[in-house]
Structure formats: structure tokens, C-alpha cells
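Here is the structure we will look at, set down as C-alpha cells.
Residue numbers (the working numbering): 3 to 141.
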């Protein structure tokens with residue numbers, strides 16, 4: 003069983019595995035908040051997003067959750083999607099990405115995506131670390 007199997011509960015049902023992976027990475031409170039919409043299309047939309055975005059995390063393969071996390075952080079920074087960058091940076095403890103690795107990733111983002119993308123990501127990292135310190139969570 004690889005890291006992905008452990009995080010997705012080892013499910014053979016792709017949507018069930020994707021749901022488990024999403025909860026393992028982002029936590030119950032976030033997922034429950036995102037899936038609480040009672041609109042008729044909301045459940046179908048959430049299942050689609052979950053199977054598409056989190057199914058790739060749950061599929062196993064040559065990339066570990068840590069590798070996937072670093073890729074998502076880099077891609078969301080490159081696209082300027084700081085709300086997603088923030089969300090995935092907050093999931094670092096679950097994926098095994100360290101603060102030092104995130105700091106190094108910011109240099110890669112600067113080199114390949116430009117200073118504005120890396121500076122925006124750096125602001126998010128600084129805010130995340132300040133919130134962590136204020137709440138008494140470790141590094």
C-alpha cells in the first residue's frame with residue numbers, strides 16, 4: 003500500500019477514494035462547508051470537482067502526495083490562484099511538504115513564473131506562518 007492508498011482508505015471506488023483523499027488533505031470542516039450547498043446541482047458539481055481534482059491524487063502512481071502537493075502549489079502560484087495556493091499550503095502537514103521545501107519552491111516559482119507570482123505566494127506563506135504562530139501550532 004503506497005501513501006496514496008493509505009490516505010484514500012484503499013478504496014477501489016474512484017469517487018469514494020477521491021472523497022477520502024480530499025478529506026484527508028483538507029479536513030472535514032472544509033469539505034463539509036464546500037458540500038453543504040442545498041442547490042439541486044451542488045452535489046453533482048461537488049462530485050465532479052472531487053472526482054476530477056482529487057481523483058488524480060487518489061490514483062496512486064509514481065507521484066507521492068508530497069510530490070503532488072509541490073506541483074499543485076507551483077501551479078496555483080503560476081496561475082495566480084492564491085485562494086487555492088493558500089488552501090494547499092495549509093494542507094502541507096498532511097502531505098509531508100516542509101516549510102524549507104516550500105521556501106525553496108518559492109525560488110523555483112520566481113525563476114519560472116516570475117517575481118509577481120512568487121511574491122504573491124510569499125505573502126500567503128507569511129500570513130499562513132503568522133496565523134500558525136498565533137494559534138500556537140508548531141512550524
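Just so it is clear, CB atoms sit at the ideal spot from N, CA and C, and this is done for glycine as well.
All values derive from a computational prediction rather than experimental measurement.
Burial check for residue 22: the Cβ neighbour count within 10 Å reaches 16 or more, so the residue is buried. The alpha helix (DSSP H) runs lying completely inside the stretch 24 to 89 and spanning 4 residues or more are 30 to 36, 44 to 51, 57 to 60, 67 to 80, given in chain order. Secondary structure note for residue 133: its alpha helix (DSSP H) is the uninterrupted segment 117 to 137. Residue 128 counts as exposed, since fewer than 16 other C-beta atoms from the protein chains shown sit within 10 angstroms of its C-beta. In the structure shown, residue 19 falls within a helical segment according to DSSP collapsed to helix, strand and coil.
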